[in-house]
Structure formats: structure tokens, C-alpha cells
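Numbering (our numbering), first residue to last: 41 to 348.
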């Protein structure tokens, strides 16, 4: 898959354009005071992950040999962020989130012929264990601010870890099944955000993030004796991600405020590789067709402002 590269250039151009038209009045206002803000929230997530491999490194024999899917994975957790703005236009933000899965399902399907023809194995499993963690660190710049509307751009580093399980779903499945798949998405992100102060007590915010990502996953298929353990196979690929989000912040009494945010997340890779480590010391390499991840999160929390 060819990853699109033009978004960064477009946003840099917007940065130059927006910086030129920032209100002069805002720059001549009262002296700026540094801002330190912390956000803490409870969050709920629902995620879906699917990947497939071919029969060889050329992507044939067959084109889809094995396909794994985790779906309807729901979890609860916490998230937080810390923002420091030392100058009028420049700021930096560090954010972290973690959620544990409490429900979910998974399937494992193998095929003998191209295009999912002649199935040779079909398994259904529980996937109500595991977790997802995210870490983001960005530096931001206020492109435009005038009255109740502001627009900023951010760039930095992003990382997501996800631990998925295949667990027995019924008495017909071996009860000591504890297959794990640990994935990591990491790379650079560009984010843009628009804020609208609709009233003295209400703030609306919309954001869109684009990430250029590297994907790496390690698996332990614990009941297959011909595989090595704890590392049975390794996935590597390159991809990208999109993350739109909307949020509302409502001030209730005095300095007390509540923030509600809904975010969607979509990630996909191009062709990569699977390295299968055999117990006899052998190594089998096949094509990783793609990895697709999508999900959403809903969080509610409180912001705290310091230094002002």
C-alpha cells in the first residue's frame, strides 16, 4: 500500500497562512501568563482488529491462508493529559490512556485455496481479557485566535499497545488455551484542532489526527507444539492512522468543569511480513496481507488549570 504523504505539507502551509492572519489585537492584549492544565477522565472503549497472511512471501498459495479477527471488544479504563503553555502561541501536551477488556470475541479461520475457498479450520474463542494503552507527546502552535474561535496544529510522537487473547469459548476447546497477540503501533502524528467558545460556560472542540505508523506484533500460540514459545511468530509492516474526535467542556460552578469526548480510531497497514519460528529451529516467512484496526472511545472527566 502506498502511504499518502501530502497531508503534512498541507498543514505546514496552513500554519504559515494562519500565522500571518492571527489577530494583531490578540498579540497586544494583556501580558501573557504561562498555563498548566491537567485533564483526568474515565473512558469506555470498543475495538476491532483483523489481520491475514498468505501462503508464501509472494502472497500466493493461497492469497489468504489464515485470518484472525478480534471483534466487539469492550473495555473500561482511565485517561489523562498534561498541557503546558509557556508562550502565547506555543504549547506541549503529554497524554496517556489505558483500558482493560471485559468482553469480546475472536475467530481463527484457515483456507486451502484463494479468496477464502475450501476452509480447513474455523475456530471461535473468547477475547474478554487483554488491554489497550496509548501514549502521545506533541508540541503545538496556535495558528489563529480571534474572539471565541481558535485553531492550532500539533506534531509529535504516538504509540499504541494492545494485548489480545484467544481463550476457550466452550467445553470443546482445550481449557489451557492462552494464546496471546501483542501489537504495537508507533510513529509520528500531525493533529489539528478547532475550538469554539459558544458561551461563557461552554466550549466545543473538534480534532483530526493523522499518523504515519510502524506496526510490530508478537504472538504466542501456546498449544501448537511445532512453534517456538513464547515467541511463535512476528509481524512487521508500515501503515497510517486517522483519529477524528469531538469534545464539549461545560463549566458548572465557579472553577468546576466537566468534559465529554467522543473519538474514533482507524489504522491500516500495507503488505508486511510474518516470520514464523519453528521448534526445530526453522524459520518460515510469509506475506502479511494487512492489519486493520478500528474503534471508538467515550470519556468523561474534569480539567484542572494551574498557574493562572
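Note that the Cβ used here is the ideal one computed from N, Cα and C, for glycine as well.
Those residues which DSSP pairs with residue i across a bridge
i: residue 135; result: 121 and 176
i: residue 307; result: 281 and 333
i: residue 239; result: Answer is none; residue 239 lacks a bridge partner.
i: residue 73; result: Beta-bridge pairing links residue 73 to no other residue.
i: residue 113; result: 87
i: residue 267; result: 318
i: residue 184; result: 191
i: residue 221; result: 204 and 259
i: residue 328; result: 93 and 312
i: residue 244; result: 236 and 288
i: residue 150; result: 106 and 161
Own chain, CB closer than 6 Å to residue i, minus 5 neighbours either side, in chain order
i: residue 267; result: 261
i: residue 125; result: 75 and 131
i: residue 332; result: 90 and 308
i: residue 109; result: 90 and 147
i: residue 270; result: 260
i: residue 173; result: 138 and 201
i: residue 171; result: 140 and 203
i: residue 154; result: 102 and 103
Chain-order list of residues whose beta-carbon lies under 8 Å from that of residue i (same chain, five-residue window excluded)
i: residue 313; result: 97, 275, 276, 277, 325, 326, 327 and 328
i: residue 112; result: 86, 88, 143, 144 and 145
i: residue 238; result: 188 and 244
Simplified DSSP state of residue i, which is helix, strand or coil
i: residue 211; result: coil
i: residue 100; result: coil
i: residue 169; result: coil
i: residue 296; result: coil
i: residue 145; result: strand
i: residue 339; result: strand
i: residue 106; result: strand
i: residue 272; result: coil
i: residue 347; result: coil
i: residue 79; result: strand
Pick from the options that is closest to residue i, judged by C-alpha positions
i: residue 339; options: 184, 119 and 71; result: 119
i: residue 149; options: 334, 117, 250 and 104; result: 104
i: residue 248; options: 240, 231 and 258; result: 231
i: residue 228; options: 237, 240 and 251; result: 251
i: residue 349; options: 189, 145, 83 and 178; result: In the structure as shown, the chain begins at 41 and stops at 348. Residue 349 is therefore absent and cannot be evaluated.
i: residue 254; options: 198, 115 and 235; result: 198
i: residue 292; options: 242, 102, 191 and 202; result: 242
i: residue 6; options: 236, 320, 317 and 256; result: Because the chain spans 41 through 348 in this model, residue 6 falls outside it and cannot be assessed.
i: residue 201; options: 257, 186, 212 and 234; result: 257
i: residue 181; options: 281, 127 and 221; result: 127
i: residue 240; options: 100, 295, 216 and 233; result: 295
i: residue 179; options: 134, 284 and 102; result: 134
Own chain residues within Cβ distance below 7 Å of residue i, not counting five before or after
i: residue 214; result: 208 and 263
i: residue 79; result: 120, 121, 299, 341 and 343
i: residue 158; result: 151 and 152
i: residue 335; result: 85, 86, 87, 88 and 305
i: residue 211; result: none
i: residue 93; result: 105, 106, 314, 326, 327, 328 and 329
Bounding residues of the beta strand (DSSP E) (the contiguous stretch that carries residue i)
i: residue 190; result: 189-206
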